[in-house]
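Novice: Just remember that this note's numbering sits 418 ahead of the position in the sequence shown, which is counted from 1.
Can you read through this structure? Questions will come right after.
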Amino acid sequence: MYKAKVVGAGSYAPETVLTNRDLEKVVDTSDAWITRRTGIKERRIATGGMVTSEMAARAARQALEKSGVEAGDLDLVVVGTVTPDRQFPSCACLLQEKIGARKAASMDVSAGCSGFIYALSVANNAIRCGDAEHALVVGAEVLSGVTNWSDRGTCVLLGDGAGAVVLSRTDEDTGIKAVNLRSDGSFGHLLYSVDKQCELPTLDIVPGVGEQRPFYLVMDGKPLFKKAVECLEEITRWTLDKAQVKVEELALMVPHQANIRIINALAQRLGLAEEKVYTTIERYGNTSSASIPIALAEAVNAGRLCPRDKLLMVTFGAGLTWGASLVEWSI
Ligand SMILES: CC(C)(COP(=O)(O)OP(=O)(O)OC[C@H]1O[C@@H](n2cnc3c(N)ncnc32)[C@H](O)[C@@H]1OP(=O)(O)O)[C@@H](O)C(=O)NCCC(=O)NCCS
Numbered sequence: 419m420y421k422a423k424v425v426g427a428g429s430y431a432p433e434t435v436l437t438n439r440d441l442e443k444v445v446d447t448s449d450a451w452i453t454r455r456t457g458i459k460e461r462r463i464a465t466g467g468m469v470t471s472e473m474a475a476r477a478a479r480q481a482l483e484k485s486g487v488e489a490g491d492l493d494l495v496v497v498g499t500v501t502p503d504r505q506f507p508s509c510a511c512l513l514q515e516k517i518g519a520r521k522a523a524s525m526d527v528s529a530g531c532s533g534f535i536y537a538l539s540v541a542n543n544a545i546r547c548g549d550a551e552h553a554l555v556v557g558a559e560v561l562s563g564v565t566n567w568s569d570r571g572t573c574v575l576l577g578d579g580a581g582a583v584v585l586s587r588t589d590e591d592t593g594i595k596a597v598n599l600r601s602d603g604s605f606g607h608l609l610y611s612v613d614k615q616c617e618l619p620t621l622d623i624v625p626g627v628g629e630q631r632p633f634y635l636v637m638d639g640k641p642l643f644k645k646a647v648e649c650l651e652e653i654t655r656w657t658l659d660k661a662q663v664k665v666e667e668l669a670l671m672v673p674h675q676a677n678i679r680i681i682n683a684l685a686q687r688l689g690l691a692e693e694k695v696y697t698t699i700e701r702y703g704n705t706s707s708a709s710i711p712i713a714l715a716e717a718v719n720a721g722r723l724c725p726r727d728k729l730l731m732v733t734f735g736a737g738l739t740w741g742a743s744l745v746e747w748s749i
């Protein structure tokens with residue numbers, strides 16, 4: 419059986435920055451509360467009609483350029499997103515057209531904040547079984563367009579962005595060593611969309627945001643927090659076991675960026691040193707499916723991964739869904 423390895427990573431974050439201080443003008447909150455309870459200082463907001471597929475295309479072009487793979491050589495494009503431009507065509511098909519991935523099969527995966535790891539699993543399996551030689555895996559979201567800007571329990575957490583990786587087939591004993599996925603629909607009530615047109619405020623300080631809201635997001639933060647820590651630990655241990663890697667052998671963990679306290683609790687339970695955990699939450703907030711590939715691309719650019727390093731990516735999100743991947747880095 420073949421293996422898949424990551425050959426390039428890229429990311430895109432919109433230019434408009436929304437700080438905690440800006441949010442003090444929107445809801446009854448404070449920079450001190452948001453920083454202490456979440457670790458977030460600012461987040462990026464898509465403006466001027468920027469859609470998910472366009473951010474995905476910008477991240478994808480960067481990943482393709484780094485990988486040396488041509489868009490026309492991609493066999494598969496998989497996008498994890500809960501905020502596609504429209505119900506159909508899929509965001510992946512819109513992206514395929516934008517980057518010119520003419521011979522690819524393209525699909526979206528809906529798995530809440532776990533979308534990127536779920537998409538990675540699809541692409542990994544396609545390569546392993548020989549159906550694909552090169553695949554593009556993307557996480558991209560415009561969460562600002564589905565945020566209830568009057569709910570201080572959620573609006574301070576979310577941001578927009580996109581990240582992408584290119585996977586290629588390899589015969590070497592390296593690359594993706596394990597991908598594990600789980601879900602439990604009985605906890606769906608903790609984080610869900612209200613799918614109807616409703617009278618909610620727009621984000622007046624950034625013109626245009628929230629004007630067309632296909633749905634809005636509702637979250638019960640406290641129980642979700644507890645569940646997140648439990649599930650992240652469980653899937654991490656399972657994935658390390660499957661890949662036969664010990665915690666102390668990890669070079670880097672790139673977790674989903676939902677709350678710095680969740681990330682710290684996970685690292686503490688695993689006994690993983692703080693310097694081995696890569697975080698971007700202070701600058702981007704929670705960008706759902708995009709958070710891991712954005713952080714990964716930045717970690718690679720910052721020289722945080724060397725060939726043979728063991729990388730763990732782990733996530734948790736609406737569904738509930740959760741998942742993890744252990745990768746032996748090879749570029
Ligand atoms: C949302 C979250 C940050 C809230 O933090 P918390 O410490 O659990 O806070 P609580 O919900 O218990 O609220 C504590 C108090 O802060 C208040 N509060 C909530 N949001 C606030 C805000 N933005 N600013 C100021 N106060 C706020 C609450 O109203 C509550 O006040 P009360 O004690 O007077 O009732 C946290 O629960 C969380 O991160 N949950 C998981 C989120 C997650 O993982 N989501 C995505 C999964 S992909």
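Even for Gly, the Cβ is constructed at its ideal location relative to N, Cα and C.
Suppose you measure from the CA of residue 525 to the CA of residue 498; what does that come to, to the nearest Å?
Specialist: 9 angstroms
Novice: How should residue 506 be labelled, buried or exposed, when 16 other C-beta atoms within 10 angstroms of its C-beta is the threshold for buried?
Specialist: exposed
Novice: Which residues mark the beginning and the end of the beta strand (DSSP E) in which residue 747 is found?
Specialist: Element bounds for residue 747: n/a, residue is neither H nor E.
Novice: What does a CB cutoff of less than 6 angstroms around residue 430 pick up in its chain, not counting 5 residues either side in sequence?
Specialist: 473, 476, 477 and 580
Novice: Would you report the Cα separation of residue 697 and residue 677, rounded to the nearest angstrom?
Specialist: 10 angstroms
Novice: With burial defined as no fewer than 16 other Cβ atoms inside 10 Å of the residue's Cβ, what is the status of residue 437: buried or exposed?
Specialist: exposed
Novice: Which of helix, strand or coil does DSSP assign to residue 752?
Specialist: Look at the range of the chain in this structure, 419 to 749, and you will see that residue 752 is not part of it.
Novice: From 591, 622 and 643, pick the residue whose C-alpha is nearest to that of residue 572; which is it?
Specialist: 643
Novice: With respect to 8 angstroms, is the separation between the Cβ of residue 570 and the closest non-hydrogen atom of ligand 1 below this value?
Specialist: yes
Novice: Does residue 452 pass the burial test, meaning 16 or more other C-beta atoms within 10 Å, or should it be called exposed?
Specialist: buried
Novice: Please classify residue 511 as buried or exposed, where buried requires at least 16 neighbouring CB atoms within 10 angstroms.
Specialist: buried
Novice: Just to confirm the assignment: which complete beta strand (DSSP E) runs, minimum length 3, are found wholly within the segment 659-715?
Specialist: 668-673
Novice: I believe residue 577 touches residue 704 by the beta-carbon criterion, under 8 angstroms. Please report the beta-carbon distance rounded to the nearest angstrom.
Specialist: 7 angstroms
Novice: If you draw a straight line from the C-alpha of residue 446 to the C-alpha of residue 596, how long is it?
Specialist: When rounded, the distance between both Cα atoms is 44 angstroms.
Novice: I'd like to confirm something about residue 731: is its beta-carbon nearer than 8 angstroms to some heavy atom of ligand 1, or not?
Specialist: no
Novice: What did DSSP end up calling residue 473 once you bin it into helix, strand or coil?
Specialist: helix
Novice: Taking the Cβ atom as the reference point for each residue, do residue 560 and residue 468 lie within a distance shorter than 9 angstroms?
Specialist: Taking 9 angstroms as the cut-off, the Cβ atoms of residue 560 and residue 468 count as close.
Novice: What is the DSSP secondary structure of residue 598, counted as helix, strand or coil?
Specialist: DSSP places residue 598 in strand when its eight states are reduced to three.
Novice: Could you give the residue range of the alpha helix (DSSP H) that holds residue 449?
Specialist: Residues 449-456.
Novice: What residue range is occupied by the uninterrupted alpha helix (DSSP H) comprising residue 370?
Specialist: Since the first residue of the chain shown is 419 and the last is 749, residue 370 is not available in this structure.
Novice: So, with DSSP's three-state summary, where would you put residue 465?
Specialist: coil
Novice: Three-state secondary structure (DSSP) at residue 478?
Specialist: helix
Novice: Just to confirm, are residue 710 and residue 699 a CB contact at a threshold of 9 angstroms?
Specialist: Taking 9 angstroms as the Cβ cut-off, residue 710 and residue 699 do not qualify as a contacting pair.
Novice: According to the neighbour-count rule (16 or more other Cβ atoms, all chains shown, within 10 Å of its Cβ), is residue 419 buried or exposed?
Specialist: exposed
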